[in-house]
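Q: Quick note: to get the numbering used here, add 26 to the position in the sequence shown (first position is 1).
No residue lacks a Cβ here, since even glycine has one placed at the ideal position from N, Cα and C.
Got a structure for you, questions after.
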Amino acid sequence: PDPRPEVGEAAARRLEVVLADRPALLHEWLALALAADRRVPHVHLAELLERAARDSDLRPAVAAAIGPRGTWLAGFNKAWSFVMAQPLAEDVFAQEDWDQGTRAQRLRALTALRAQDPATALDLLTRAWSTETRGEVRRDLLGVLEIRPGTEDATLLDTALDDRNASVRGRALALLTGLPDSAHAHRLRDHLRRHLRVDREAPRPVDVSDPSLDDTALLRDLSLTGSRKTPEPERERWERTRTLVTHTPLDVWTDLLDTDPAGVLALVADHPDLRGALLDAVALQGNAVWARVVLDHPSLGLARMTRVGRHQPRHRRIGPLLAPLPVEERCARVLAVVDRAKSHYALDQALSGIDAPWTRELSEAVARRLTEPPEPTDLAEPAVAAGSTGSTGSTVSAEATESRRRDLYGHDRLCATAAEFMRPQDLDLLPEQPPNEEQAHPYLTLRDTLRFRLDMHREL
Numbered sequence: 027p028d029p030r031p032e033v034g035e036a037a038a039r040r041l042e043v044v045l046a047d048r049p050a051l052l053h054e055w056l057a058l059a060l061a062a063d064r065r066v067p068h069v070h071l072a073e074l075l076e077r078a079a080r081d082s083d084l085r086p087a088v089a090a091a092i093g094p095r096g097t098w099l100a101g102f103n104k105a106w107s108f109v110m111a112q113p114l115a116e117d118v119f120a121q122e123d124w125d126q127g128t129r130a131q132r133l134r135a136l137t138a139l140r141a142q143d144p145a146t147a148l149d150l151l152t153r154a155w156s157t158e159t160r161g162e163v164r165r166d167l168l169g170v171l172e173i174r175p176g177t178e179d180a181t182l183l184d185t186a187l188d189d190r191n192a193s194v195r196g197r198a199l200a201l202l203t204g205l206p207d208s209a210h211a212h213r214l215r216d217h218l219r220r221h222l223r224v225d226r227e228a229p230r231p232v233d234v235s236d237p238s239l240d241d242t243a244l245l246r247d248l249s250l251t252g253s254r255k256t257p258e259p260e261r262e263r264w265e266r267t268r269t270l271v272t273h274t275p276l277d278v279w280t281d282l283l284d285t286d287p288a289g290v291l292a293l294v295a296d297h298p299d300l301r302g303a304l305l306d307a308v309a310l311q312g313n314a315v316w317a318r319v320v321l322d323h324p325s326l327g328l329a330r331m332t333r334v335g336r337h338q339p340r341h342r343r344i345g346p347l348l349a350p351l352p353v354e355e356r357c358a359r360v361l362a363v364v365d366r367a368k369s370h371y372a373l374d375q376a377l378s379g380i381d382a383p384w385t386r387e388l389s390e391a392v393a394r395r396l397t398e399p400p401e402p403t404d405l406a407e408p409a410v411a412a413g414s415t416g417s418t419g420s421t422v423s424a425e426a427t428e429s430r431r432r433d434l435y436g437h438d439r440l441c442a443t444a445a446e447f448m449r450p451q452d453l454d455l456l457p458e459q460p461p462n463e464e465q466a467h468p469y470l471t472l473r474d475t476l477r478f479r480l481d482m483h484r485e486l
């Protein structure tokens, strides 16, 4: 039995439509049902389990929504066994599950304990570590330390850097990167100090020498294994440098160069590789102070990122740079560049990076961009200048056509992102009629999706 009341009749019908025609909204429907403490109609439990078996992103939402009957049902199909390992907010630690349970039960029990008593969970994990022979289990156990991480975890994580399994070493390094006061972090600072070269009169005032393959201590601290190619490719040597820069706590730069983060970026302005590695470090480490400096930077920041074309490496940093900031600040920063973004595609990259419902002010600005008429030069077929050859005119025409195609693709992407992140109650910001016939379909799809989501919220 599941003691929760079933969702209402309208919500149940809505779920059927979602399952049949709008699978992208399934996660949101499940979250709304869970927040309302209503259960999914039992007739849909098997289908939800089957979908989550194929799509791992759905698993947390499905496991939380299906309740005790769904968990019972999952026990009859090995493909649905992910439910047993999926931690839930209401879980409590049971010693019996830890001592005698399956792999999934032990992991779930340890996860529950970590949320309630991190020190005791770390003690259990440390004692189990030396006897666990399977690398994938050791990797999953380390993942529990992502909950309420602390410097006291560093001893076990340091040990895991010597693990024979590469995925275990990689997860240990990722977790250690979030512990700037650990012994490992201090060793990385020392490694960087040894390789840093500063000469303020040189064309490149700051540089980092490539670590040698003979530096086994550094390779271990970066979870790297060296190939002994002779001669070794330059990019392979630089990759070790990049890994050192991205994982070393950022405070080492301000300390060694006696300046603030903006000053550090100025000193590496003439070294694109090193500057790129520093930007990756800011994105990886989630340092809000450095992230704000990068986002505000006149030639590197968000305003610049939204003025460059498609497929720029800078685009992939937008989300991680925004992530450590409060949602309201993320929205405000993107709002400031909405009208200056070079293209819909570049703007979409910034809006997707917010990864949270937008403020009404931001939705207003996006609605304005979506409904503004296209530039006449984008739509017009360029004429061939007097005296020019036909081939030149053909080239110009082809370039204009490609530019227009990219703009339409960006508009489609922007509509899809708005359908996901605009709050459904902000539907009133979008006029009923599309701005022009060429962009009608994605625009009307956006309006239809927001209307559907608004009804979904009302029903749950």
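Using the DSSP secondary-structure output, state which residues sit across from G232 in a beta bridge.
A: A small correction: the amino acid at residue 232 is Val; Gly does not occupy that position in the sequence shown. Per DSSP, V224.
Q: Within 10 angstroms of its Cβ, does R342 collect 16 or more other Cβ (buried), or is it exposed?
A: Exposed is the call here.
Q: Give me the residue from L480, F478, E398 with the minimum Cα distance to E463.
A: Considering only alpha carbons, the answer is E398.
Q: I'd like the list of long-range same chain contacts for V44, defined as Cβ closer than 6 Å, with 5 residues on each side in sequence excluded.
A: So the qualifying residues of the chain are L51, L52, W55.
Q: Please go through the same chain and pick out, in chain order, the residues whose beta-carbon is closer than 6 Å to the beta-carbon of R268, but skip the five residues on each side of it.
A: Within the same chain, R268 has close Cβ partners A303.
Q: Quick one: residues in its chain with C-beta nearer than 7 Å to the C-beta of V294, no 5 flanking neighbours on either side, listed in chain order?
A: So the qualifying residues of the chain are V232, L300, R301, L304.
Q: Using three-state DSSP, classify R65 as helix, strand or coil.
A: Strand, per DSSP.
Q: Assign E73 to one of two classes, buried (16 or more other C-beta atoms within 10 Å of its C-beta) or exposed (fewer than that).
A: With fewer than 16 other Cβ atoms within 10 Å, it is exposed.
Q: Is the region 170 to 189 close to the region 203 to 215, with three or more CB pairs under 8 Å?
A: Short answer: they touch.
Q: So which of T385, R366, D381, P383 has the shortest CA-CA distance to R395?
A: The candidate whose alpha carbon is nearest that of R395 is R366.
Q: Excluding sequence positions up to five away, which residues of its chain have a Cβ less than 6 Å from the Cβ of A141?
A: For A141, where only same-chain residues beyond five positions count, the Cβ hits under 6 Å are I173.
Q: If you draw a straight line from the alpha carbon of F447 to that of N313, how long is it in whole angstroms?
A: Going from the Cα of F447 to the Cα of N313 covers about 25 Å.
Q: Three-state secondary structure (DSSP) at E398?
A: Coil, per DSSP.
Q: So who's on the other strand from E32, going by DSSP bridges?
A: Per DSSP, R65.
Q: Alpha carbon to alpha carbon, how far is R479 from C441? Give it in angstroms, no decimals.
A: Going by the C-alpha atoms only, they are around 15 Å apart.
Q: Report the option in K368, Q465, A358 whose CA atom is closest to the CA atom of A382.
A: A382 has its Cα closest to that of A358, out of K368, Q465, A358.
Q: Can you determine whether any heavy atom of the ligand ADP sits closer than 8 Å to the C-beta of A444, and answer yes or no?
A: Judged by which ligands are present, the structure shown has none, so any question about the ligand ADP falls away.
Q: Going by the CB atoms, is the gap between H68 and D28 shorter than 9 Å?
A: Yes, Cβ-Cβ distance for D28 and H68 is below 9 Å.
Q: For H483 and A37, I'd like the C-alpha separation in whole angstroms.
A: Cα to Cα, H483 sits roughly 9 Å from A37.
Q: Compute the Euclidean distance between the alpha carbons of E390 and D374, then round it to the nearest angstrom.
A: Roughly 15 Å separates the two Cα atoms.
Q: By the three-class DSSP mapping on this structure, what secondary structure does K104 have?
A: K104 falls in the helix class under three-state DSSP.
Q: With DSSP as the reference, label A209 as helix, strand or coil.
A: Three-state result, A209: helix.
Q: Measuring CB to CB, does A90 end up less than 9 Å from A130?
A: No, these two residues do not count as a Cβ contact at 9 Å.
Q: Using CA atoms only, rank isn't needed, just tell me which of G204, R195, A288 is closest to D166.
A: With distances taken between Cα atoms, D166 lies closest to R195.
Q: Taking only the alpha-carbon atoms, compute the straight-line gap between R563 and A62 and give it to the nearest angstrom.
A: An answer regarding residue 563 cannot be provided, because it is not within the stretch 27 to 486 covered by the chain.
Q: Given T443, which residues of its chain have a CB within under 7 Å of its CB, disregarding the five upstream and five downstream residues?
A: Result list for T443: D374, L377, S378, in chain order.
Q: If you reduce the DSSP assignment to three classes, tell me which class E354 lands in.
A: In the structure shown, E354 sits in a helix (DSSP, three-state: H, G or I).
Q: Using the three-state DSSP reduction, which class does Q112 fall into: helix, strand or coil?
A: Q112: coil per DSSP, three-state reduction.
Q: Determine the closest residue to D322 out of L348, V33, A57, V88, with distance taken between C-alpha atoms.
A: Checking every option, the nearest Cα to that of D322 belongs to L348.
Q: If you measure between the beta carbons of S193 and E162, is that distance less than 9 Å?
A: Contact: yes.
Q: Take A87 as the anchor and find which of R230, R95, L75 has the nearest alpha-carbon.
A: Nearest of R230, R95, L75 to A87, Cα basis: L75.
Q: On the CB-based measure, 16 or more other CB atoms within 10 Å of its CB, does V315 come out buried or exposed?
A: Per the 10 Å Cβ criterion, exposed.
Q: With the cut-off set at 9 Å, would you say S369 and G436 are in Cβ contact?
A: Yes, the pair counts as a contact, with Cβ atoms nearer than the cut-off.
Q: Below 6 Å CB to CB, which residues in the same chain sit around V170 once its five sequence neighbours on both sides are set aside?
A: L136, T137, R140, listed in sequence order.
Q: Mind checking A46: buried by the 16 CB within 10 Å criterion, or exposed?
A: Answer is exposed; the Cβ neighbour count stays below 16.
Q: Please report how far the alpha carbon of L148 lies from the alpha carbon of T185, in whole angstroms.
A: Straight-line Cα distance between these residues: approximately 14 Å.
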